[in-house]
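Asker: Residue numbers (the numbering used here): 3 to 264. Glycine is no exception: its CB is placed at the ideal position from the N, C-alpha and C atoms.
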Amino acid sequence: MAKAQMAIRMTIVRDKANLRRNGLLVYERNRVPRNPHRRMRAPNQVSSMVQRPHRDKDKMRNVCVFCGSSEGRDPAFAEAASALGRLIGEKGMGLIFGGGDIGLMGRVARAAHAQGAKVTGIMPEFLSHLEPPLKKGEALEFTADLQTRKGRMLALADAFIILPGGLGTLDEFFEVVTSAQLGVLAKPIIAINTKGYFDPLRALIDHVVENGFAKPVIKSHCLFAATPQEAMKAITRPPRRGTHEAIPRRRSRPAPPRRKRK
Ligand code: AMP
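(1) Got a sec: does the ligand ATP put a non-hydrogen atom nearer than 7 angstroms to the Cβ of residue 148?
(2) With a threshold of 6 angstroms on Cβ separation, who are the neighbours of residue 118 within its own chain once the five nearest residues in sequence on each side are excluded?
(3) Please tell me whether residue 121 and residue 95 are closer than 8 angstroms, where the distance is taken between their beta carbons.
(4) Quick check on residue 86 - is its C-beta less than 8 angstroms from some C-beta in chain C?
(5) Should residue 31 go down as buried or exposed, given a rule of 16 or more other Cβ atoms within 10 Å for buried?
(6) Is it the case that the CB of residue 71 approaches a heavy atom of the ligand AMP more closely than 7 angstroms?
(7) Compute the distance between the beta-carbons of residue 111 and residue 143, then report whether it is under 8 angstroms.
(8) Pull up the distance between the alpha-carbon of residue 25 and that of residue 104, whole angstroms please.
(9) Does the region 218-227 touch the region 172-184, meaning 3 or more C-beta pairs lie closer than 8 angstroms?
(10) CB of residue 1 to nearest heavy atom of the ligand AMP: below 7 angstroms?
(11) For the region 155-171 and the region 182-198, state whether three or more C-beta atom pairs, one from each stretch, are separated by less than 8 angstroms.
(12) What is the rounded straight-line gap between the Cα of residue 205 and the Cα of residue 72?
(13) Where does residue 193 sit, in a helix, a strand or coil, going by DSSP?
(14) Could you give the distance in angstroms between the alpha-carbon of residue 185 and the alpha-carbon of residue 220?
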């Protein structure tokens, strides 16, 4: 090899070593793993990351509710929120929620507390001025920011129920659904579709799947229930793959063909 060529090669090797040392060179050409994600999927690494509900379904303890800090126009939203809070209390479960005593959030929390549920509010410190925390019977946890709050909610809850709400609620909905999509959250997620409020969201998710930007299995990670009762039933049932239905509708069987009289 000519001297000049040798010198160039030496410089390249030295530069690569420098880059690697500084964490800037991750893969070299011809050494790229076929699927970089497979490296992250070593079972012992992932299983410790995945958040799962309590093993025994009868001991499902905490339900996290995401919903509006407003009441919405239709009184049916407030009724669904109170009904959900009551059901959580009646079933002896705990409620994890955003901590504020306003809008649908406040309704769920007051109703759950009135039925004896342990109510835990998780709130970023800066929000306590904007969203006054519930005073009665609440264990209130303050976090440094919104991200830490979400992390705490994801860790404490055994299931997530979403009631109608605004952009904050949608953000929280997508947080849990995308975590399920990535396989780091394996807990039931059910939206209560009061008065068809979530029809456009459901249609958007179907549209995403139809256009090949998500796999059909995502539908079973975000179920839609018609009522709070249906949502509470659904959190203890395994979802059916590829459907949004929280409780699959029974198809009526076709009537057997009539025998002709002879
Ligand atoms: P909204 O549905 O907009 O009324 O918001 C419902 C709740 O979501 C609010 O009370 C906030 O505590 C929370 N929230 C709002 N924005 C965010 C966000 N970007 N990330 C996480 N939580 C949020």
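Answerer: Result, derived from the coordinates:
(1) Questions concerning the ligand ATP fall outside what the structure shown contains, since the ligands it does hold are the ligand AMP.
(2) Taking the sequence shown and counting its residues from 1, the one referred to as residue 118 is at position 116. So the list reads 91, once near-sequence residues are dropped.
(3) Stepping through the sequence shown from its first residue, residue 121 is reached at position 119. Stepping through the sequence shown from its first residue, residue 95 is reached at position 93. With contacts defined by Cβ atoms closer than 8 angstroms, residue 121 and residue 95 do not form a contacting pair.
(4) This model lacks chain C altogether; it includes just one protein chain.
(5) Locating residue 31 in the sequence shown gives position 29, counting from the first residue. Low local confidence applies: a pLDDT of 40 at residue 31 is under 50, so the model's placement there is unreliable, and no value is given.
(6) Residue mapping note: residue 71 aligns to position 69 of the sequence shown, counting from 1. Checking every heavy atom of the ligand AMP against the Cβ of residue 71, one is found closer than 7 angstroms.
(7) As a first step, residue 111 must be located in the sequence shown, where it is residue number 109. As a first step, residue 143 must be located in the sequence shown, where it is residue number 141. Cβ atoms of residue 111 and residue 143: not closer than 8 angstroms.
(8) Start at 1 with the first residue of the sequence shown, and residue 25 comes out as number 23. Start at 1 with the first residue of the sequence shown, and residue 104 comes out as number 102. Low confidence applies to residue 25: its pLDDT is 43, below 50, so where it sits in the model is not reliable, and the reading given next is rough at best. Near 47 angstroms, if we compare the C-alpha coordinates of residue 104 and residue 25.
(9) Contact check between the region 172-184 and the region 218-227: three or more CB pairs, one atom from each, fall below 8 angstroms, which counts as touching.
(10) Look at the range of the chain in this structure, 3 to 264, and you will see that residue 1 is not part of it.
(11) Verdict: yes, contact present.
(12) The residue given as residue 205 occupies position 203 in the sequence shown. The residue given as residue 72 occupies position 70 in the sequence shown. Pairing residue 205 with residue 72, the inter-Cα distance amounts to about 24 angstroms.
(13) The residue labelled residue 193 in the question sits at position 191 within the sequence shown. Strand, per DSSP.
(14) By 1-based counting over the sequence shown, the position of residue 185 is 183. By 1-based counting over the sequence shown, the position of residue 220 is 218. Approximately 11 angstroms between the Cα atoms of the pair.
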